[in-house]
Structure formats: C-alpha cells, structure tokens
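Working notes, beginning with the structure itself.
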Amino acid sequence: MAPGSFHDDTSNTVCVMDASGRLGSALVERLLQRGYTVHAAIQNDGELKIGSGISSEVKKKLKIFLADPFDYHGIIDALRGCSGLFYTYEPPQDQSVYDEYTAEEEVRAAHNVLEACAQTETIDKVVFTSSVTAVIWRSNDLNSVANSDADEKHWSDINFCRKYKLWHGVSKTLAEKTAWALAMDRGMSMVSINAGLLMTPDLSIKNPYLKGAAEMYEDGVFVTVDLNFMVDAHVCVFEDVSSYGRYICFNNVINRPEDADQLAKMLSPSAPSLPQSYSEDMRIIPQRISNKKLNKLMAEYESKHQLD
Numbered sequence: 001m002a003p004g005s006f007h008d009d010t011s012n013t014v015c016v017m018d019a020s021g022r023l024g025s026a027l028v029e030r031l032l033q034r035g036y037t038v039h040a041a042i043q044n045d046g047e048l049k050i051g052s053g054i055s056s057e058v059k060k061k062l063k064i065f066l067a068d069p070f071d072y073h074g075i076i077d078a079l080r081g082c083s084g085l086f087y088t089y090e091p092p093q094d095q096s097v098y099d100e101y102t103a104e105e106e107v108r109a110a111h112n113v114l115e116a117c118a119q120t121e122t123i124d125k126v127v128f129t130s131s132v133t134a135v136i137w138r139s140n141d142l143n144s145v146a147n148s149d150a151d152e153k154h155w156s157d158i159n160f161c162r163k164y165k166l167w168h169g170v171s172k173t174l175a176e177k178t179a180w181a182l183a184m185d186r187g188m189s190m191v192s193i194n195a196g197l198l199m200t201p202d203l204s205i206k207n208p209y210l211k212g213a214a215e216m217y218e219d220g221v222f223v224t225v226d227l228n229f230m231v232d233a234h235v236c237v238f239e240d241v242s243s244y245g246r247y248i249c250f251n252n253v254i255n256r257p258e259d260a261d262q263l264a265k266m267l268s269p270s271a272p273s274l275p276q277s278y279s280e281d282m283r284i285i286p287q288r289i290s291n292k293k294l295n296k297l298m299a300e301y302e303s304k305h306q307l308d
C-alpha cells in the first residue's frame, strides 16, 4: 500500500505484537512505510526482521519493546501512546507439540492483551489475527466439515475440535471468542482477520493448521493467503472506519488435485507425485467458504487509496 495520511499527530502510533513472526515483521515494515510510528513488541527469544528497503530515517519511527503476551506490564509499556494494536499469536513453525495446553496458553495470552488494551486510554482499535480454523470445524461428521458455506457468522465447534484433536481450531476459536467477549464488555473497537494458511518460505508439514487438511480439501474450505495480501487486509480493516466484526481472509483455494500435489511437494519435497490416474482427475471441489465481506471492503478501500 502507498503511504497514507492521518487525521492528527496522535493517531499514527500503533503497536504490533508479536512483531517477530512473519506476519508481525511484515506488518511493522508496511506500517513504517505508511508513515506510522510503530511500537514493535517482541518476545525475549524473538527477532524483528525488517527489509533493507527501510531507510534509517524511517527506522527512527520504530521502537522495540520486549513483551511477551503473558507479561502484562510489558504489554502496557508497549501500548502506551498507541492508538491501535495489531495482535497476532504465532507459535514456532516447527513446534513439535500443539495440544490442549498450547490452546490454553493462547487463550490466556488473548485475555491478557485485550485487558491491557482496555486499560490503555489511547487505544482506539484492535486488529486481532485469528484463523479460518475458528470458522470451518462445525460438523458432527469429520467428512462433512460444514452443512452450508462457511462465512463470518460461523464458529468452529469446540467439542468437535476436541474430539478430533484439532488443537489449532480449539486455540483460535477460544482465543478469538475470549477477545470478542472482553472487547464487547469493555466497549473496545475490534475487528478480527480469520486467515487461511499463511504461505511463507518456512512453512512446514508440522504447522498445526494442517491437521485435518484432507478434510478441508474435500469440503472445499482449504484456503491459503499470501503474506502481502494478508498485510494489506490488516491495514485496510484498521484504517477503514467502516470495518466491523470478523473478516475471512484468503486469496487462494486449494480445490484441484494439482493444487494439493503442489502444496504437498512444497511441504515435503520428497513426497511422491500423484499417480497418473489421479493427476488426470479433472474434478474441482466446489468452494464452500466465502471471503466476500473482506473483498468488498478492500475494493472500496482501494477506490480511495492507491495500492502498490
């Protein structure tokens, strides 16, 4: 996105947490390019990755804070003077264990961060990064993820997720619901981005989003999102005053055998190719998830702002 303008000098300071993840680092870079002063909150073992295209002059608007989502006072320090927060919880890509305990951690983190926002008078808006997995797992049958097309009004069924050990769905659903409950209770303005599988160079088969991938594929809800598109979506919902509620975010649907084969090879280069008979299967799985709400908002936003 091209640099934007601001209503006043107090509205252009924002916080990004966790700024050390792929999405967080990309958000920091884009926000700096747009003229924001950015408070980048990273965990003790995190590292902020900023591209070489950011000038030293622009970097003067970057302030780094050590604050993990369980350090309430650290969060308060990072939020001080900010008008907005971009919050994303990204466990390590190679995390070997993603279970119910991990889900509980993510819920506690969401509560902690939103509570800190409620106690920070300058915060006007929160952009909460959630996942499509908080939307799609809502059937009594693993072979039929949804009885109707998934959109923003749908929530994953926690009992269903627990039954099939879909811990990513449990985490994202409970954390997002916790955030919404606190935001509504405290009268905070919040929007959520329910993102598809984020496509990054370090994506691995261990990514917890991929649990249940075969069922997602068969039900037409296996969606992915490019990093740049996801960053655009975050900036759009933050800057557009008409944004509200949840936004399903993706720009690619994996619904053909060749799509699935390509992703499998990306995740595991040693994976065997599809059999010839399967690769000749021209069947396209009907898409059963909608991103119309976000597409409409971004189209209207683009009509007012120049996008790169």
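Heads up: the sequence shown at position 94 corresponds to 94 in full-length UniProt numbering, and the numbers run straight through without jumps.
Here a beta-carbon is modelled for each residue, glycine too, at the ideal position from N, C-alpha and C.
Express the C-alpha separation of D151 and I123 in angstroms, rounding to a whole number. By one-based count along the sequence shown, residue 123 stands at place 123. By one-based count along the sequence shown, residue 151 stands at place 151. Rounded to the nearest angstrom, the gap between the Cα atoms of I123 and D151 is 28 Å.
Let me make sure I understand the geometry here. Which of M17, G220, T133 and A116 has the alpha-carbon closest to that of F65? Stepping through the sequence shown from its first residue, residue 65 is reached at position 65. Distances from the CA of F65 to each of M17, G220, T133 and A116 were compared; the closest alpha carbon is that of M17.
Counting C-beta neighbours from all protein chains within 10 Å, is the total for F128 16 or more, i.e. buried, or is it exposed? Start at 1 with the first residue of the sequence shown, and residue 128 comes out as number 128. Per the 10 Å Cβ criterion, buried.
Taking just the CA atoms, how far does R283 sit from S189? Here residue 189 corresponds to residue number 189 of the sequence shown, with the count starting at 1. Here residue 283 corresponds to residue number 283 of the sequence shown, with the count starting at 1. Their backbone Cα atoms lie some 43 Å apart in a straight line.
In DSSP terms, what R246 is bridged to: Residue 246 sits at position 246 when you count from the first residue of the sequence shown. S192, per the DSSP bridge assignment.
R246: buried (16+ other C-beta within 10 angstroms of its C-beta) or exposed? For the purposes of this step, residue 246 is taken as the residue at position 246 of the sequence shown. With 16 or more Cβ atoms within 10 Å of its Cβ, R246 is classed as buried.
Where S144 and G169 are concerned, what is the direct C-alpha to C-alpha distance, given to the nearest angstrom? As a position in the sequence shown, residue 144 is number 144, starting the count at 1. As a position in the sequence shown, residue 169 is number 169, starting the count at 1. Any reading at S144 is ruled out, since the residue's pLDDT is 46, under 50, leaving its predicted position unreliable.
Just the Cα atoms here: how many angstroms apart are Y164 and I158? Taking the sequence shown and counting its residues from 1, one reaches residue 164 at position 164. Taking the sequence shown and counting its residues from 1, one reaches residue 158 at position 158. Near 10 Å, if we compare the C-alpha coordinates of I158 and Y164.
Go through its chain and collect everything with a Cβ distance to E105's Cβ below 7 Å, but skip five positions before and after it. Here residue 105 refers to the residue found at position 105 when the sequence shown is read from its first residue. There are no such residues.
DSSP state of L23 mapped onto helix, strand, coil: Counting from one through the sequence shown, the residue named residue 23 turns up at place 23. L23 falls in the helix class under three-state DSSP.
3 or more residues per run - each beta strand (DSSP E) lying fully within the region 53 to 141: If we require 3 residues or more, the beta strand (DSSP E) runs fully inside the region 53 to 141 come out as 62 to 66, 84 to 87 and 125 to 131.
Rounding to the nearest angstrom, what Cα-Cα distance links L294 and H154 in this structure? The sequence position of residue 294 within the sequence shown is 294, counting from 1. The sequence position of residue 154 within the sequence shown is 154, counting from 1. Near 15 Å, if we compare the C-alpha coordinates of H154 and L294.
At the level of alpha carbons, what is the spacing between P286 and D71? As a position in the sequence shown, residue 286 is number 286, starting the count at 1. As a position in the sequence shown, residue 71 is number 71, starting the count at 1. Taking the Cα positions, P286 is about 44 Å away from D71.
Which partner residues of M199 appear in the DSSP bridge assignment? Translated into the one-based positions of the sequence shown, residue 199 becomes position 199. Beta-bridge annotation (DSSP): M199 is paired with D226.
Short Cβ contact (8 Å threshold) for V223 with V191: The residue labelled residue 223 in the question sits at position 223 within the sequence shown. The residue labelled residue 191 in the question sits at position 191 within the sequence shown. Annotated as distal: V223 and V191, with beta-carbon spacing of 8 Å or more.
Span of the alpha helix (DSSP H), counted from its first residue to its last, around A175: The count along the sequence shown starts at 1 and reaches residue 175 at position 175. Unbroken alpha helix (DSSP H) run through A175: W167 to R186.
Under a Cβ-count criterion, where at least 16 other Cβ atoms within 10 Å of its own Cβ denotes burial, should N228 be classed as buried or exposed? In the sequence shown, residue 228 corresponds to position 228, counting from 1. Around the C-beta of N228, fewer than 16 other C-beta atoms lie within 10 Å, and the residue is accordingly described as exposed.
Hey, would you say C15 sits closer than 8 Å to L79, going by beta carbons? Looking up residue 15 in the sequence shown gives position 15. Looking up residue 79 in the sequence shown gives position 79. Yes, they are a contact pair.
What does M17 pair with, by DSSP beta-bridge criteria? As a position in the sequence shown, residue 17 is number 17, starting the count at 1. In the DSSP secondary-structure assignment, M17 is bridged to A41 and Y87.
Is V253 helix, strand or coil when you go by DSSP? Translated into positions along the sequence shown, residue 253 becomes position 253. Residue state, collapsed to three classes: strand.
First through last residue of the alpha helix (DSSP H) which encompasses L294: Locating residue 294 in the sequence shown gives position 294, counting from the first residue. For L294, the uninterrupted alpha helix (DSSP H) segment begins and ends at K292 to E302.
Look at A264 and L182 and say whether their C-beta atoms are less than 8 Å apart. Within the sequence shown, residue 264 is the residue found at index 264, counting from 1. Within the sequence shown, residue 182 is the residue found at index 182, counting from 1. No, they are not a contact pair.
Taking the alpha carbon of F86 as the reference point, which residue from E100, S20, E258 and S148 has its own alpha carbon closest? Your numbering for residue 86 matches position 86 in the sequence shown. Per the Cα distances, S20.
Would you call A146 buried or exposed, if buried means 16 or more other Cβ atoms sit within 10 Å of its Cβ? Within the sequence shown, residue 146 is the residue found at index 146, counting from 1. Any reading at A146 must be qualified, since the residue scores a pLDDT of 47, below 50, and its modelled position is unreliable; the value itself is stated next. It counts as buried.
Could you name the residues that DSSP lists as bridge partners for I289? For the purposes of this step, residue 289 is taken as the residue at position 289 of the sequence shown. I289 pairs with A150.
Contact set for H305: own chain, Cβ-Cβ below 6 Å, skip 5 residues either direction: Here the question's residue 305 lines up with position 305 in the sequence shown. So no residue of the chain qualifies.
Contact defined as beta carbons within less than 8 Å: I believe R288 pairs with G220. What is the distance between those atoms, to the nearest angstrom? Numbered from 1 along the sequence shown, position 288 holds the residue referred to as residue 288. Numbered from 1 along the sequence shown, position 220 holds the residue referred to as residue 220. In this structure R288 touches G220 by the C-beta definition: roughly 4 Å separates them, less than 8 Å.
Please report how far the alpha carbon of V235 lies from the alpha carbon of P208, in whole angstroms. Taking the first residue of the sequence shown as 1, we reach residue 235 at position 235. Taking the first residue of the sequence shown as 1, we reach residue 208 at position 208. One C-alpha to the other measures close to 26 Å.
Check this for me: beta carbons of A179 and A110, under 8 Å apart or not? As a position in the sequence shown, residue 179 is number 179, starting the count at 1. As a position in the sequence shown, residue 110 is number 110, starting the count at 1. A contact, by the Cβ cut-off of 8 Å.
So, are the CB atoms of V132 and I75 less than 8 Å apart? The sequence position of residue 132 within the sequence shown is 132, counting from 1. The sequence position of residue 75 within the sequence shown is 75, counting from 1. Not a contact, by the Cβ cut-off of 8 Å.
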